[in-house]
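See structure below.
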Amino acid sequence: MTRFTWASLFAVPVLAASSSAIAADYLTVAQAQHILVPQADAFAAFPVTLSPAQLTQIRQISGVPQRTAQPRVWRATSGGRLAGWVIVDEVIGKHEYITYATGISPDGHVLGVEILSYRESKGGQVRDVRWRSLFRGKTVRDKFKLNQDIPNISGATLSSRNITDGVKRLLAIHAVALAQVR
Amino acid sequence: MQTRCQPLLGTLVEITVPDAGAGAIDGAFAAIAQVQTRMSFHDEDSDLAMLRNAGPGEAVEVAPETLEVLGIALELHRNTNGLFDVTIGRELVRDGFLPQPEGPEASHCSGTSADIEIVDDRRVRCHEPMLIDLGGIAKGFAVDRAVAALEAAGVTEGLVNAGGDLRMFGARDWTVGLRDGDGKVRERIALADCAIASSANAGSSHRRQSRLFAPHFGAGRAPVAVPTRVSVIADRCVIADALTKVAIAAPASSQWIAASYGARILRESALEKAA
Numbered sequence: 001m002t003r004f005t006w007a008s009l010f011a012v013p014v015l016a017a018s019s020s021a022i023a024a025d026y027l028t029v030a031q032a033q034h035i036l037v038p039q040a041d042a043f044a045a046f047p048v049t050l051s052p053a054q055l056t057q058i059r060q061i062s063g064v065p066q067r068t069a070q071p072r073v074w075r076a077t078s079g080g081r082l083a084g085w086v087i088v089d090e091v092i093g094k095h096e097y098i099t100y101a102t103g104i105s106p107d108g109h110v111l112g113v114e115i116l117s118y119r120e121s122k123g124g125q126v127r128d129v130r131w132r133s134l135f136r137g138k139t140v141r142d143k144f145k146l147n148q149d150i151p152n153i154s155g156a157t158l159s160s161r162n163i164t165d166g167v168k169r170l171l172a173i174h175a176v177a178l179a180q181v182r
Numbered sequence: 001m002q003t004r005c006q007p008l009l010g011t012l013v014e015i016t017v018p019d020a021g022a023g024a025i026d027g028a029f030a031a032i033a034q035v036q037t038r039m040s041f042h043d044e045d046s047d048l049a050m051l052r053n054a055g056p057g058e059a060v061e062v063a064p065e066t067l068e069v070l071g072i073a074l075e076l077h078r079n080t081n082g083l084f085d086v087t088i089g090r091e092l093v094r095d096g097f098l099p100q101p102e103g104p105e106a107s108h109c110s111g112t113s114a115d116i117e118i119v120d121d122r123r124v125r126c127h128e129p130m131l132i133d134l135g136g137i138a139k140g141f142a143v144d145r146a147v148a149a150l151e152a153a154g155v156t157e158g159l160v161n162a163g164g165d166l167r168m169f170g171a172r173d174w175t176v177g178l179r180d181g182d183g184k185v186r187e188r189i190a191l192a193d194c195a196i197a198s199s200a201n202a203g204s205s206h207r208r209q210s211r212l213f214a215p216h217f218g219a220g221r222a223p224v225a226v227p228t229r230v231s232v233i234a235d236r237c238v239i240a241d242a243l244t245k246v247a248i249a250a251p252a253s254s255q256w257i258a259a260s261y262g263a264r265i266l267r268e269s270a271l272e273k274a275a
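Protein chains in written order, with full-length UniProt numbering: chain G, 1 to 182; chain B, 1 to 275.
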């Protein structure tokens, strides 16, 4: 019958900060790279500067605007041969700010998507540039502690629509800027 | 502990296991992806698409997972006097919560769950045109499948959270925050070896020309708006997930229905009183 145990049922007055903002850090960029392209033995940063024409193309292909001309791309190799690509990107929703990594095969298929970090706010500061850059800085330098107090939340479903659109955009980046690279 | 998070089932899915079990996470995500592939309303390659594109009375071979979910859904339909009904795709399409897919027009659908027949251990037959949507149950089922995959791989404890429908296993206590209808997390409870799911529709229900639009339906398949959260604790996440819909549809009778499944309903206001 009932197997669940009520270890305790307590209603702690949750700290103001956590009632208005939920945050989780899952993986570093390096961890995500190895998960997304497990056969690769090297990941080299691959500087890309998208031309205005390419940005237009990406929007046409994906239906989503590409905001930065310099996406964060890594070339994954195995024994020196191209094994795939990893692109780290972020999406900003109404209440959330998500950094995620997408693995793309040399022929342009999604190998996997891993969320790196998640920031949520009901207070509207998601669009606050200072708040976001603080978060982005953390992600880039990987200095923060991972897997500390990731909150387990039961409640209103969060849509992953923004990420789905983001992945379409990354596939378009691959098509216009990476597909010809060996 | 290690936690990974992927976009699946239209939401974010988190899997937490001890470091030693990290190698099993890929298999658990794959189990969830399989549920998504077979039971997506939107995917024209899904079992749901096959069922709605088949002629009435035609037996359709579906994945074992789909068969199992439909079996649980039909039992819930009987045990709730028809309140839990996966043929609600008709209303969800009519009211704009789901897109009209290929197959029967929502306005031409007449079937209820009573018109779904599980023929044998592989096949399902719909006797009337219908739009089956498993949005009220498949997420919880996917969580159970992921937990089963982790346990089969020898993982002794962990937590799987699919956008707020979550299950934990092993001896450890987990702290779970309950997100209220307004999006805030005011209460946290400690749980072990059970599942919890929550529903609210404050963000998605609205009125237009005095008619209510909401993604939950009660008696007579009428839309129901609930400003506050409803949570259900059960041993399996598929039951917790499905019973949140019953708890919204029929607040009074849902208590004893939940009890018959060994589950408990926690309402936002009830918890405040408990505090």
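Ideal Cβ positions, reconstructed from N, Cα and C, are used throughout, including at glycine. Note that this is a predicted model, so its numbers are computed, not measured.
Note: T16(B) is bridge-paired with T3(B) and L159(B) in the DSSP secondary-structure output.
Around the CB of W256(B), fewer than 16 other CB atoms lie within 10 Å, so the residue is classed as exposed.
Rounded to whole angstroms, the Cβ separation of S110(B) and E128(B) is 5 Å, and the two are in contact under 8 Å. Residue contact with chain B for L170(G): absent (no Cβ-Cβ distance below 8 Å to any residue of chain B). Contact between V60(B) and M50(B) holds, with the beta-carbon distance rounding to 5 Å and staying under 8 Å. For E105(B), the three-state secondary structure derived from DSSP is coil.
Around the Cβ of N201(B), a 10 Å sphere holds 16 or more other Cβ atoms; the residue is buried. A straight line joining the alpha-carbon of S117(G) with that of A69(G) spans about 22 Å. Rounded to whole angstroms, the gap between the alpha carbons of K168(G) and E120(G) is 23 Å. If you compare the alpha carbons of M168(B), M130(B) and S46(B) with that of A138(B), the shortest gap goes to S46(B). In this model, V176(B) and A179(G) are separated by some 44 Å (Cα to Cα). Across the structure, I116(B) and E157(B) are spaced so that their CA atoms are roughly 37 Å apart. Against chain G, the beta carbon of V176(B) has neighbours under 9 Å at P151, N152, I153 and S154, listed in chain order.
Residues of the same chain with a CB within less than 8 Å of the CB of T49(G), apart from the 5 flanking positions on each side, are A69 and Q70 in chain order.
When the five nearest sequence neighbours on each side are left out, the beta carbons in the same chain lying within less than 6 Å of the beta carbon of S40(B) are those of S46, in order along the chain. Chain G has no Cβ within less than 8 Å of the Cβ of N53(B). Sixteen is the threshold: when 16 or more other Cβ atoms of the shown chains lie within 10 Å of the Cβ of A258(B), as they do, the residue is buried.
M130(B) sits in coil when the DSSP states are folded into three classes, being neither helix nor strand. Minimum Cα-Cα distance from H174(G) among the listed residues H109(G), T77(G), L27(G) and Q39(G) corresponds to H109(G). Using a Cβ-Cβ cut-off of 7 Å, A59(B) is close to nothing in chain G; its nearest Cβ partner there is about 33 Å away. Where L76(B) is concerned, the enclosing alpha helix (DSSP H) starts and stops at P64 to N79. Distance from V224(B) to T244(B) at the Cβ level is roughly 12 Å; contact not present, criterion being Cβ atoms closer than 8 Å. For Q6(B), same chain residues with a beta-carbon under 7 Å away, outside a window of 5 residues either side, are V13 and F29 in chain order.
Between the beta-carbon of S154(G) and that of A197(B) there is about 7 Å, and that keeps the pair under the 8 Å contact cut. In the three-state reduction of the DSSP assignment, G220(B) falls in the helix class, which pools H, G and I. Take the alpha-carbon of P99(B) and the one of H42(B): they are about 8 Å apart.
Between A195(B) and V143(B), the C-beta spacing is below 8 Å. According to DSSP, V246(B) shares a beta bridge with no other residue.
From the beta-carbon of P64(B), no residue of chain G is found nearer than 9 Å; the closest lies around 24 Å away.
Beta-bridge partners of W256(B) (DSSP): none assigned. The beta carbon of V147(B) sits closer than 6 Å to those of V160, R167 and F169, all from its chain and outside the five residues before and after it, given in chain order. G183(B) and Y100(G) have their C-alpha atoms spaced approximately 23 Å apart. With a threshold of 8 Å between beta carbons, C5(B) makes contact with chain G. For E114(G), the residues of chain B that pass the 8 Å Cβ criterion are R4, C5 and Q6, in the order they occur in the chain.
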